[in-house]
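Heads up: the sequence lines are chains A and B, in that order.
Position 18 (the first sequence) corresponds to 18 in full-length UniProt numbering; numbering is contiguous.
Position 198 (the second sequence) corresponds to 198 in full-length UniProt numbering; numbering is contiguous.
Heads up, the thing below is written out as structure tokens.
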Amino acid sequence: MSNALPAWSALSPALLLGLTGLALLLVDTIRPNERSNTSMALVSALGALASLSVTVWFVVAGTGHADTGGAITLLEGAVKVDTLALFFTAIFASVTALVVVAAHDYFHDHANPAAFYSLTLFAATGMALLAVANSLAVVFVALEMVSLPSYALVAFLKKDRGSVEAGLKYFLVGALSSAVFLFGISLVYAATGSLIFGEVASGIESLGSLAGVAGIGIVMIVGGVAFKTASVPFHFWAPEAYEGAPAPVSAFLSSASKAAGFVVAFRVFTEAFPLGASLAAGIDWALAFAVVAAVTMTLGNFAAAVQEEVKRMLAYSSIGHAGYALIGLAALSSGSAGNEAVMGAAMAHLLVYGFMNTGAFLFVALAERWGIGRTFEDYAGLARRAPVACTAMAVFMFSLAGLPPFAGFFSKYFLFMGAIENGFLWLAGLGAVNSVISLYYYSRVVRAMFLDDPATPSALDAIDVRPTALYAAVVFAAVATVLLLPGFGPVIEAAEAAAEGVIAASGSF
Amino acid sequence: MVDAFAYVPAVVLLPFFSFLVALGAGKYLPKGGAFGGIAATAGSFLLSLWIAATVAGGRAYDETLYTWAAGDQFELTFGALVDPLSALMLVIVTLVALLVHVFSLGYMNDEGETGLPRYYAGLGLFTASMLGFVVADNLLMAFMFFELVGLCSYLLIGFHFREPGPPSAAKKAFLVTRFGDYFFLVGVVAVFATFGTAAFAGEGSFPALAEAALAGDQAVWTPGGLDVMTWFTVVGLLVLGGVVGKSAQFPLHTWLPDAMEGPTPVSALIHAATMVAAGVYLVARMYGFYALTPTTLAVIAFIGGFTALFAATMGVVKDELKQVLAYSTISQYGYMMLALGAGGYVAAVFHLTTHAFFKALLFLGAGSVIIAMHHNEDMWDMGGLKARMPVTYYTFLAGSLALAGIFPFAGFWSKDEILYEALVHGLNEPLLLGGYVMGLLAVPVTAFYTFRMVFLTFHGEPRTDLAADPEPVRWNVKGPLTVLGSLAVVTGFINMVPVQKVLGLEGIDYLHRWLDNEWGGIDGLSSHHYADLGPYSSGYIAGGEVPTVLVGAAVSLGLALAGLGLAWRLYNVASPTEHTAKLGGIKDVLYNNYYLDELQVWIAYRTEDIAGGADTFDQGIIDGVVNGVSSVSLAGGSRVRRIQTGLVSQYAAMLTLGLIALLVLIGVNGGWFL
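Here's what the structure looks like:
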């Protein structure tokens, strides 16, 4: 079916997102009187959903799949559309849709919310572009395209000191990380003579005395990935940015932006630096990821356990989840048959995580909208006033903790099992221990909402509004989290197909 | 025609629904949900009769209804097994439960008790658990319902939980029986490990496999290659642990007298048809297994005989009506165990049946007296109630005659058969003969304490104003008493083996024929089959079977009459006095139940010492590790928090240092700089 369309149409998910952003910007600029929060939110949601529909259609139709003629490459091989790209584009589009719907209520009294929608869509466009990037140059450009709107989004509440400060810190750490990443790319280019993944891969096979140069470059690229995924030691921006940013932005950054970091990692490290060739050259990047994963999940969970504010707890938990997802790269081993399984499981985890984590942050957005305070204590007794939203939040918490029968259990289970089958028992064991720790702080939220009594009888009087769109987004995310349980079969299959696609594309892995 | 067996689950579920109804809506129902319970047990009773009739029509039922776990090695299932034994038991349990429900209207409702929905919910669940236990087709299911029975007894004994006595008695009943059940549970696991199945009936059932294994036709797992016979004996004894606890056999009988703290109808239910009967029924249910191991049988017989005598002696000195009955229950279940151990499967079931009726009768009669006496249970405050409550008196008398084993009341026939079986099989088995002698010695003691109780309560002059003017009881008390009184008289006639043997009248041993699958049943579960398996041969005294029957019956009846006569002389006077002082030092021993409670408490404290060691280990080491992990993670978390200073310059520094560390690690590992 897709053969009937021109090849460039394979990029339409990204193009749809970009065009929607441009349209919003256009209206905002030339007809400032016509813009309204509602119409803006509606248009952006429609754009995100259109992009999602096209992506799902492509996945179902098998665009870029080996069965229908393989990946579609465009622009001299700088861009490549395959199942992996589509899978992640689906995550980006879903999260974007949820976030813009929720933002409608969050920014109900903001003077100029239009910029928020266009910035979000531009960032999403960058993510979609990141997913199809097949050249280190495109990766860098797309990464900046994600980052620059993100800085602005974090600092979006111009009159809020926390928001502005967080934006600045994010920008500074981001600039440093971008420099590291770019330097890494230049070193790899110096060693291999190309930026196109396939050619870099063949360059890695014949490094000779340049192995050290390529090695430093690759580890620096690991650093760039770590920045985007908020992994140790590039995570410092995350707690502050997530906490200071408007909650819908935190949701967007911690879910979609993190997934964008992972799509780069999955593609670059399988296609450009195949593990077999890298190991032959003495560049054990899987070990680097293993170290990063282990430290990240431990640090994220330990720090989350001692937080007093729910949003900051979620920020650290988000770091912890990055650690879990990194297992998808760390637990790879050259020539093992289990590579598709573990990488696929990591992707599936990111999809599930996209819904449950976005939902959790949107619940925080709801709480901020009500103005009931930020700490665990402030959430006490909330279930009495807002049972539906609190039930949804309980679903997110338990799913994030990886308790059955929620989707988070299955994705984590597949991930750890994949790691064990690939011989990384210690990593899976560490992940399991961390999951137990995470249960402690996730259940604190549930306990506060359902079991504790409010500090004062009037503490919950602030809950006087029922923001429809925000509610809808939270409930939708909860429903998706629950429905992903019966729907987990197709998800994990699609994810494994995506992983198989990139691993096969790398030739000798 | 509709199949009666399709309604087997309904027999169990009806009382369960009454439990749910009483629990959920009892508050809003008249009489606290009593009518629901009565309707449910009546329905179960009618269904049981129908099922028994169907079994009599030559059919049996053994189906797996639900598999709740299936593995490679074995399956865990729920199922129903209806054969002559369980059909008989269903009728007994549902009938007694029905009468207890009706009686409760008089004992609980009319007395203005509070918390009635809880009471009727407990009764319903109790009945349902016992019925589930009766129809269980495998040992695991039996165990689960066995535990439910234990739970319900806990709930009901402790019904008056605001008073100090009942909760403590309930706890004791729960813990002591749980001690036995612990062995039972290990036994269930051992049965699964050994045979891979716990089914009671059929080709692949564990008794059948055990039989084949002993014949060398079947390989079974034994721990460490232990001898098959030895291992089966161990397994049998493990399961017996649960039986000893539930059926209140020595040394785990101590909970039962305390359990008198429960409402009297509950005592009737516990003693006659549910909890205590469950133990004996379990042995009968898996008799095909026990019959294979002579050692176990001998142990059962000896424990039974000893308990029969031992409990009877304690019953002699008790002052409270229900206490006497409690010790008589222990003693009578001792007889049943003696019968089972002596190879008298039919005799045990027979006594279980007759005892169910006359003991329910005695408890309900005692309940009636207690209503009349405004809940004063001391027999020394009674006297002369005969004229003032004739229905209670005559029915209670019928029950007492049955308990004492006086011809021709029900208890005579069944007790006589037990002693006969023990005698003829015991002539070649010293341990069994010991059991027989103790059982025989218990006969006069039983008759004595029974009639001491009757005379003190009903005869003579009223010793208090209360006894002179007792509160009248209503139809709901008299009705059940009348039904059970009639049964106490006639039940013995279902199995007149001595008459058959002496007069040569063939075919009047209906229970024998019933349990021998003469009308229908399941192969391998017949009394005949058990007799073939059993290790015993019969010996006779006085030159033949008929003289042995006559001598045995005459001796036991003579002893019973002697005991009765003594009680008559001592207590059937206008104003009886205590004669216990004549017993001297023995009196204190008997009053204090041979100091067994004290012994158990002592053992419990010694156990506590050991448990204390385990507790120290748990608290210090296990909890220490767990707490350590959590405090390490919290402390670690606080450290991480401190790293997050908020200063971007520090972030940049740490970020760079982290990257360099990573570079060095991977670089050294990959050997880039060499």
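By construction, the Cβ of each residue, glycine as well, lies at the ideal position given by its N, Cα and C atoms.
All values derive from a computational prediction rather than experimental measurement.
{"Query": "DSSP state of residue 79(B) mapped onto helix, strand, coil", "Result": "strand"}
{"Query": "Proximity test, Cβ basis, 7 angstroms: residue 508(A) and chain B", "Result": "Its pLDDT being 49, under 50, residue 508(A) is placed unreliably by the model, and nothing is read from it."}
{"Query": "Reduced DSSP secondary structure (H/G/I, E/B, other) of residue 522(B)", "Result": "coil"}
{"Query": "Other residues of its chain near residue 386(B): CB distance less than 7 angstroms, five sequence neighbours each side excluded", "Result": "393, 458 and 459"}
{"Query": "Segment limits, beta strand (DSSP E) that includes residue 81(A)", "Result": "79-81"}
{"Query": "Beta-carbon proximity of residue 58(B) to residue 519(B), cut-off 7 angstroms", "Result": "yes"}
{"Query": "Member of 299(A), 253(A), 174(A) and 47(A) whose CA lies at the smallest distance from the CA of residue 638(B)", "Result": "299(A)"}
{"Query": "From 383(B), 438(B), 102(B) and 28(B), residue whose alpha carbon lies closest to that of residue 481(B)", "Result": "102(B)"}
{"Query": "Residue 36(B) burial status per 10 Å Cβ neighbour count (16 or more: buried)", "Result": "buried"}
{"Query": "One or two residues paired with residue 62(B) in a DSSP bridge", "Result": "81(B)"}
{"Query": "Own chain partners of residue 27(B) with C-beta closer than 8 angstroms, once the 5 adjacent residues on each side are dropped", "Result": "117"}
{"Query": "Cβ contact check for the segment 167-176 of chain A and the segment 123-134 of chain A: 3 or more pairs under 8 angstroms", "Result": "no"}
{"Query": "Residue 423(B) burial status per 10 Å Cβ neighbour count (16 or more: buried)", "Result": "buried"}
{"Query": "Validate contact between the segment 366-384 of chain B and the segment 529-536 of chain B using beta carbons, cut 8 angstroms, 3 pairs", "Result": "no"}
{"Query": "Among 499(B), 141(B) and 426(B), nearest to residue 412(B) - alpha-carbon criterion", "Result": "499(B)"}
{"Query": "Residue 378(B) - partner residues in DSSP beta bridges", "Result": "320(B)"}
{"Query": "Beta-carbon proximity check, residue 320(A) vs residue 356(A), cutoff 7 angstroms", "Result": "no"}
{"Query": "CB contact below 7 angstroms: residue 672(B) versus chain A", "Result": "yes"}
{"Query": "Proximity below 7 angstroms, CB of residue 502(B) to CB of residue 551(B)", "Result": "no"}
{"Query": "Run of the beta strand (DSSP E) containing residue 72(A), from where it starts to where it stops", "Result": "72-74"}
{"Query": "Identified DSSP bridge partners for residue 196(A)", "Result": "135(A)"}
{"Query": "Touch test, the segment 428-443 of chain A against the segment 383-390 of chain A, Cβ-Cβ under 8 angstroms, three pairs minimum", "Result": "no"}
{"Query": "Sheet register partners of residue 138(B) (DSSP bridge)", "Result": "199(B)"}
{"Query": "Where residue 638(B) meets chain E, residues with beta-carbon distance less than 7 angstroms", "Result": "Chain labels in this structure do not include chain E; the protein chains are A and B."}
{"Query": "Residue 92(A) and residue 45(A) closer than 7 angstroms at C-beta", "Result": "no"}
{"Query": "Any C-beta of chain B under 7 angstroms from that of residue 400(A)", "Result": "no"}
{"Query": "Continuous alpha helix (DSSP H) assignments of at least 4 residues falling wholly in the segment 44-118 of chain A", "Result": "83-106"}
{"Query": "Interface flag, residue 233(A) vs chain B, CB-CB below 7 angstroms", "Result": "yes"}
{"Query": "Any chain B beta carbon closer than 7 angstroms to residue 239(A)", "Result": "yes"}
{"Query": "Of the listed residues 332(A), 351(A) and 338(A), nearest to residue 400(A) (C-alpha basis)", "Result": "351(A)"}
{"Query": "Paired residues, beta bridge with residue 429(B) - DSSP", "Result": "According to DSSP, residue 429(B) bridges with nothing at all."}
{"Query": "Min CB distance residue 658(B) to chain A below 7 angstroms", "Result": "yes"}
{"Query": "Selected residue, minimal CA-CA separation from residue 486(A), among 279(A), 410(A) and 437(A)", "Result": "410(A)"}
{"Query": "Listed by chain order, chain A residues near residue 641(B) by CB distance under 7 angstroms", "Result": "303 and 306"}
{"Query": "Alpha helix (DSSP H) segments (min. 4 residues) lying fully within the segment 384-445 of chain A", "Result": "387-401 and 407-421"}
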